[in-house]
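Engineer: Going down the list, the sequences are from chains A and B. Quick note: the first sequence uses full-length UniProt numbering, first residue 1, plus one each step. Quick note: the second sequence uses full-length UniProt numbering, first residue 1, plus one each step. Virtual Cβ for every residue (Gly too), placed ideally from N, Cα, C. Computed from a predicted structure; not experimentally measured.
Protein chains: 2
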Amino acid sequence: MKAKITLKDIARELEVSISTVSKALKNSEEISRDTKEKVQAFAKLYNYKPNNIAISLKNKRTKNIGVVIPAIVHHFFTTVIRGIEKYANAKGYNVIVCLSEESFDREVINMEMLANGSIDGFIMSLSSETQQKGDYNHLKEVTEQGIPLVLVDRVTNEVDCDKVIIDDELGAYMATKKLIEQGRKKIALITTDDYLSVSKARTEGYRKALLESNMDIDENRILKLSSMQMDEKSIEVFFSKKKVDAVLCVNEIFTVFSMRLVQKKGLRIPDDISFIGFTDGVLSRYANPSLTVVAQHGERMGEIAAQMLIDKVENENEEGNYQTKILEPTLVVRDSTVN
Amino acid sequence: MKAKITLKDIARELEVSISTVSKALKNSEEISRDTKEKVQAFAKLYNYKPNNIAISLKNKRTKNIGVVIPAIVHHFFTTVIRGIEKYANAKGYNVIVCLSEESFDREVINMEMLANGSIDGFIMSLSSETQQKGDYNHLKEVTEQGIPLVLVDRVTNEVDCDKVIIDDELGAYMATKKLIEQGRKKIALITTDDYLSVSKARTEGYRKALLESNMDIDENRILKLSSMQMDEKSIEVFFSKKKVDAVLCVNEIFTVFSMRLVQKKGLRIPDDISFIGFTDGVLSRYANPSLTVVAQHGERMGEIAAQMLIDKVENENEEGNYQTKILEPTLVVRDSTVN
Chain A
1 MKAKITLKDI
11 ARELEVSIST
21 VSKALKNSEE
31 ISRDTKEKVQ
41 AFAKLYNYKP
51 NNIAISLKNK
61 RTKNIGVVIP
71 AIVHHFFTTV
81 IRGIEKYANA
91 KGYNVIVCLS
101 EESFDREVIN
111 MEMLANGSID
121 GFIMSLSSET
131 QQKGDYNHLK
141 EVTEQGIPLV
151 LVDRVTNEVD
161 CDKVIIDDEL
171 GAYMATKKLI
181 EQGRKKIALI
191 TTDDYLSVSK
201 ARTEGYRKAL
211 LESNMDIDEN
221 RILKLSSMQM
231 DEKSIEVFFS
241 KKKVDAVLCV
251 NEIFTVFSMR
261 LVQKKGLRIP
271 DDISFIGFTD
281 GVLSRYANPS
291 LTVVAQHGER
301 MGEIAAQMLI
311 DKVENENEEG
321 NYQTKILEPT
331 LVVRDSTVN
Chain B
1 MKAKITLKDI
11 ARELEVSIST
21 VSKALKNSEE
31 ISRDTKEKVQ
41 AFAKLYNYKP
51 NNIAISLKNK
61 RTKNIGVVIP
71 AIVHHFFTTV
81 IRGIEKYANA
91 KGYNVIVCLS
101 EESFDREVIN
111 MEMLANGSID
121 GFIMSLSSET
131 QQKGDYNHLK
141 EVTEQGIPLV
151 LVDRVTNEVD
161 CDKVIIDDEL
171 GAYMATKKLI
181 EQGRKKIALI
191 TTDDYLSVSK
201 ARTEGYRKAL
211 LESNMDIDEN
221 RILKLSSMQM
231 DEKSIEVFFS
241 KKKVDAVLCV
251 NEIFTVFSMR
261 LVQKKGLRIP
271 DDISFIGFTD
281 GVLSRYANPS
291 LTVVAQHGER
301 MGEIAAQMLI
311 DKVENENEEG
321 NYQTKILEPT
331 LVVRDSTVN
């Protein structure tokens, strides 16, 4: 069997990015005519075929599910994987996990690797770089060929497929409301840039709660980090400049780090300052004080995603009938807020 | 292409365990003659072949590495994966991760799944159930066919292959010594049963340090949990009965949970009681007080494992020349011990 050529191979050979190759093959206007001709000629010469998986799918079921997620340092994604495994294993399916490490290129490479006939369908959560680029050709390729795909948590409207999300706006709204009810006046938000779908929704929920309570939105109290990766320096600078009496953070690592920071300055939690984070993980449960959080029900999201995917895999005529399931978050109140 | 039959299929069909099938095919004396005949006849009838991967390997490189690890809830394994990805990606390899969830069956199923021609070699850390059973036939199968395998952290002497481990005995020894030097007299150890190779070594290091300092080993101060999974109840019972002035725990989740527990009882850390944990993760860094730990250098272990594997994949004549690399742990001193 001759090894098939991939987007990655073409990109390396022609010394352009994977994204450029992907767009050139789609005849995108963003790419120069010269580059498009080169890429298309090369692809033709080496008999490039998008996603050979379709062929293998017709012949046999692998009983394997491919999962591509951005990172496992965040507890949330480990719970999603656990949920997927729970449902899939009970149905006799195995789960293969690949990490994009928040990189667009790695996301595409991982999909191509799994699409060699190893899996029956994909469950994915988009990398931050993919959401930033807004380039979803690799996903459209898959769905256009009738390969089942379920997007979880970090999704896009640009791809028609099944989706499972949590109502992130509601989660941030509930958390902010809680802080307002407790008499907090200067509520900060530590989030990431809006290209990340979940951060955008959470920022909207925060704004909505403040507006509803006729409180001013002070843009200086909103810290937008460049990604979900830890950025100790920016958080330190933020707390050295701003006086706030409550903080909502979009993940638990940001929250626990911030709590340590203000404790070192001598502030008492929750007397002087309250904290609420997203994700109900071990970090939150065993923090001191224990952390009030917006529970995202990652395990449940994973189970639902696996169920939607396996339904599609086993009932081929269901194609095209796409649903988006929206779960409601829960506020778990612990010691980092006043009871 | 006709789907190949796997150990899992045979086990399900004959209603016996995967382990039984594996042993029966090896003609093990542990299995009754009746069962052996049934399994062997079935395997012959359906043309069972162990690990079709060997065939595909001869034909082409996939440039993929299969990783099978027990769990991702422990920070240590996420750092190992990061190290593997770092080295492998730089060499143009992709990494597929599968989770055994500490289950022997899942470990075997994952290996069979990856061994369908998807990968060039394996990096593995054994599940606790595999170490408990002491059944390594699925690994021997792989190495006997010349498929490169590197074991990381949780290893066994029963399989000849490359290995990367940390000197766990030394790590526990260093930590216990530190506590003794600080004048602690009643040093507890929270670990797991000895079947887990790393726990056994850590318990030995703890004992060695106490003996060297002419301190009694009080078996009542050693809590052996059944696995690395969190067991809040047992830890609570332990602290309600024992009076200790220092605790060494084999992972960071056990440590941070224990710290919260004694803090709720009104004890001050490190004034009344000191803590040292294994693994230098976010949980340890952002705990309050921050945790003194035995750093296991998981990322470095992952990098070395990937290098050993890729060397073997790319130099087929290196077969049989196995090495075990032993890394030295480092004690990272923070606020949970007296400085």
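For Leu327(B), which option in Asp9(B), Val333(B), Asp168(B), Ser19(B) has the closest C-alpha, if you only look at C-alpha atoms?
Structural biologist: Asp168(B)
Engineer: Between residue 360(A) and the rest of its own chain, which residues show a CB-CB distance below 6 Å, the 5 nearest in sequence each way excluded?
Structural biologist: A query on residue 360(A) cannot be resolved here, the shown segment of chain A reaching from 1 to 339 and no further.
Engineer: To the nearest angstrom, report how far apart Ala88(B) and Gly121(B) are at their CA atoms.
Structural biologist: 12 Å
Engineer: Taking the DSSP output, what are the residues bridged to Met124(B)?
Structural biologist: Val68(B), Leu151(B)
Engineer: Closer than 8 Å, CB to CB, is Cys249(B) near chain A or not?
Structural biologist: Closer than 8 Å: no.
Engineer: Would you please verify whether the beta carbon of Met113(A) is less than 8 Å from any beta carbon of chain B?
Structural biologist: yes
Engineer: Determine the direct distance from the alpha carbon of Ile187(B) to that of Leu179(B), and round the result to whole angstroms.
Structural biologist: 8 Å
Engineer: Report yes or no: do the region 271 to 284 of chain A and the region 332 to 339 of chain A share at least 3 C-beta pairs separated by less than 8 Å?
Structural biologist: Under the Cβ criterion (8 Å, minimum of three pairs), the region 271 to 284 of chain A counts as touching the region 332 to 339 of chain A.
Engineer: Does the structure place the region 61 to 76 of chain B close enough to the region 37 to 44 of chain B that three or more beta carbon pairs sit under 8 Å?
Structural biologist: No, the region 37 to 44 of chain B does not touch the region 61 to 76 of chain B.
Engineer: Between Ala115(A) and Asn64(B), what straight-line distance do the alpha-carbon atoms span, to the nearest angstrom?
Structural biologist: 13 Å
Engineer: So, for Lys243(B): in the same chain, excluding its five sequence neighbours on each side, which residues have a beta-carbon less than 8 Å away from its beta-carbon?
Structural biologist: Excluding residues within five positions, the ones whose Cβ falls inside 8 Å are Lys186.
Engineer: By a C-beta neighbour count over all protein chains shown, 10 Å radius and 16 as the cutoff for buried, is Asp135(B) buried or exposed?
Structural biologist: By the 10 Å Cβ count, Asp135(B) comes out buried.
Engineer: Assuming Val115(B) is part of the beta strand (DSSP E), what are its boundary residues?
Structural biologist: Correcting the residue identity first, residue 115(B) is Ala in this sequence and not Val. Premise fails: Ala115(B) is in no beta strand (DSSP E) and is neither H nor E.
Engineer: Here's a check: name, in chain order, each residue in its chain whose Cβ is nearer than 7 Å to the Cβ of Ala24(A), leaving out the five neighbours to either side.
Structural biologist: For Ala24(A), the CB contacts under 7 Å within the same chain, skipping 5 residues up- and downstream, are Ile31, Thr35, Lys36, Val39, Gln40 in chain order.
Engineer: Counting only Cβ-Cβ distances shorter than 9 Å, please list the residues of the region 82 to 101 of chain A near chain B, keeping chain order.
Structural biologist: Of all residues in the region 82 to 101 of chain A, Arg82, Glu85, Asn89, Gly92, Asn94, Val95, Ile96, Val97, Cys98, Leu99, Glu101 have a Cβ within less than 9 Å of some Cβ in chain B.
Engineer: Strictly under 8 Å for the Cβ-Cβ distance: is Arg260(B) near chain A by that measure?
Structural biologist: yes
Engineer: Would you check if the distance between the CB atom of Ile84(A) and the CB atom of Ile123(A) is smaller than 8 Å?
Structural biologist: In this structure, Ile123(A) lies closer than 8 Å to Ile84(A) by Cβ.
Engineer: Should Arg12(A) go down as buried or exposed, given a rule of 16 or more other Cβ atoms within 10 Å for buried?
Structural biologist: exposed
Engineer: Quick check on Ile10(B): buried or exposed, where buried means 16 or more other Cβ atoms within 10 Å of its Cβ?
Structural biologist: buried
Engineer: Strictly below 8 Å CB to CB, what residues from chain B border Phe257(A)?
Structural biologist: Within 8 Å Cβ-Cβ: Tyr286.
Engineer: Roughly how many whole angstroms lie between the Cα atoms of Ala175(A) and Phe254(B)?
Structural biologist: 29 Å
Engineer: In its own chain, which residues sit with a C-beta less than 8 Å from the C-beta of Gly92(A), not counting the 5 before and 5 after it?
Structural biologist: For Gly92(A), where only same-chain residues beyond five positions count, the Cβ hits under 8 Å are Lys63.
Engineer: What residue from Cys249(A), Val256(A), Lys265(A), Met230(A) has the CA that sits closest to Lys241(A)'s CA?
Structural biologist: Lys265(A)
Engineer: Going by alpha carbons, who is nearest to Gly146(A) out of Glu129(A), Lys325(A), Glu316(A), Val338(A)?
Structural biologist: Glu316(A)
Engineer: From what residue to what residue does the beta strand (DSSP E) around Val332(B) run?
Structural biologist: 330 to 332
Engineer: Going straight from the alpha carbon of Asp271(A) to that of Gln263(A), what length do you get?
Structural biologist: 11 Å
Engineer: Have a look at Gln132(B) and Val152(B) and give me their C-alpha separation to the nearest angstrom.
Structural biologist: Their Cα atoms are separated by approximately 17 Å.
Engineer: Measure the beta-carbon distance from Ile81(B) to Val68(B) and round it to whole angstroms, keeping in mind my assumption that it falls under 8 Å.
Structural biologist: Not really, about 11 Å apart at Cβ, beyond 8 Å.
Engineer: How long is the line joining the alpha carbons of Arg260(B) and Gly66(A), rounded to whole angstroms?
Structural biologist: 38 Å
Engineer: Looking at the unbroken beta strand (DSSP E) that takes in Gly277(A), where does it start and where does it end?
Structural biologist: 274 to 278
Engineer: If distances are taken between C-alpha atoms only, which option among Thr78(B), Ile165(B), Ile235(B) comes closest to Ala201(B)?
Structural biologist: Ile165(B)
Engineer: Alpha carbon to alpha carbon, what distance is there between Ser274(B) and Val155(A)?
Structural biologist: 45 Å
Engineer: Using the C-alpha atoms, what's the distance from Gly171(A) back to Ile310(A)?
Structural biologist: 29 Å
Engineer: DSSP three-state label for Leu196(A), please.
Structural biologist: If DSSP states are grouped into helix, strand and coil, Leu196(A) belongs with coil.
Engineer: Any idea if Ser128(B) is buried or exposed, counting beta-carbon neighbours within 10 angstroms, 16 or more meaning buried?
Structural biologist: buried
Engineer: In this structure, how does DSSP classify Ser290(A) when only helix, strand and coil are distinguished?
Structural biologist: coil
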